[in-house]
Structure formats: C-alpha cells, structure tokens
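In the working numbering, the protein residues as written are 86 to 232. To start, the structure itself, in structure tokens.
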C-alpha cells in the first residue's frame, strides 16, 4: 500500500510540531526543514487544523502548534483522516467500478484484509511514540530557533 504525498506531509508536519511543542512553528520553517512546498503544506495545515490535530494563530507572531497532546494523536486516525475514503483499487469504488471480475474475485477480499492490517498496525502508534526520545529526529528538526 502506498500513502499519498499529502499523508506523508501530514506525518512530517505533526512530528515537527511535536518536537517543537514549546513554541509556535511557522509554515516556512516546516516547509524548509521537511522539504515540502509551502502550497502543499498550507493545504495539509488547513485539513489537520479543521480536525483538531493542529491549532493555528494568524498574524506576525502567528504559527502552528499541536491541537492536542502528542500522546493523544493516533497515527492510524491521522492517516484515515487525510487519506479519506479513497478506494485502494477500482473494485472498491461504487461509482467508477468497471471491473468485470467483482462477483468472482478473491483478490478483492485479500486486498481488504491487507488494508485493514495496514491501518491496524498504525492504530498502535501515537505521535508521541514517534518523537519521544528520538534524538536523531530532533537533530534533523533542529532549527536556529531551537539551539
């Protein structure tokens, strides 16, 4: 299974905010350190803030921070939220399904079990478990503001 670029950006953004939980971070610094475009990042910030994973503050001294404790943010929930109900293969789509094999296909059930297992594995992971005591990640995410 392959996650979308948006979900990848969401994971980086949340990890960055979690490692800088003592301050507001800016979109520009996250974009630079996480190697993502500010336009894509802005869309992800909007989506995550609407879901309560982030809070944003506008203005000259504005920025982004976690909307809840890192220990309360489940990665499986984040991935489901960002990925949305996009079917992993055509036969899972109600409207656009043109596959003639649906009524006899055993692969479809196997793919559903695989997707369920993927999310089940992520359900046991919190944002806190990704960043807590992760000195290598902290070193990568360190900016001049955190020295």
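Here a beta-carbon is modelled for each residue, glycine too, at the ideal position from N, C-alpha and C.
Fill in: Cβ-based neighbour list, residue 219, same chain, cut-off 7 angstroms, excluding 5 preceding and 5 following
none
Worksheet item: Out of curiosity, what's the CA-to-CA distance linking residue 224 and residue 132?
Response: Distance between the alpha carbons of residue 224 and residue 132 is about 27 angstroms.
Discussion item. I'd like the span of the beta strand (DSSP E) that includes residue 148, first residue to last.
Written reply: 148–151
Practice prompt. Could you tell me the distance, in whole angstroms, from the CA atom of residue 206 to the CA atom of residue 165?
Written response: 13 angstroms
Practice prompt. Take residue 168 and list the residues in its own chain whose beta-carbon comes closer than 6 angstroms to its own, dropping the five residues that flank it on each side.
Written response: 92
Practice prompt. For residue 94, count neighbouring C-beta atoms within 10 Å of its own C-beta (all shown protein chains included) and say buried if the count is 16 or more, exposed if not.
Written response: buried
Fill in: Under 8 angstroms between C-beta atoms of residue 149 and residue 121
no
Item to complete: State the CB to CB distance for the pair residue 204 and residue 161, rounded to an integer number of angstroms; the pair is presumed to be in contact (CB under 8 angstroms).
Response: 5 angstroms
Item to complete: Return helix, strand or coil for residue 144, following the three-state DSSP convention.
Response: coil
Worksheet item: Going by Cα to Cα distance, which pick from 158, 157, 113 is closest to residue 147?
Response: 113
Worksheet item: Does the distance from the C-beta atom of residue 212 to that of residue 130 stay below 8 angstroms?
Response: no
Discussion item. Let me confirm a value: residue 199 is counted as buried when at least 16 other C-beta atoms fall within 10 Å, else exposed. Which label applies?
Written reply: exposed
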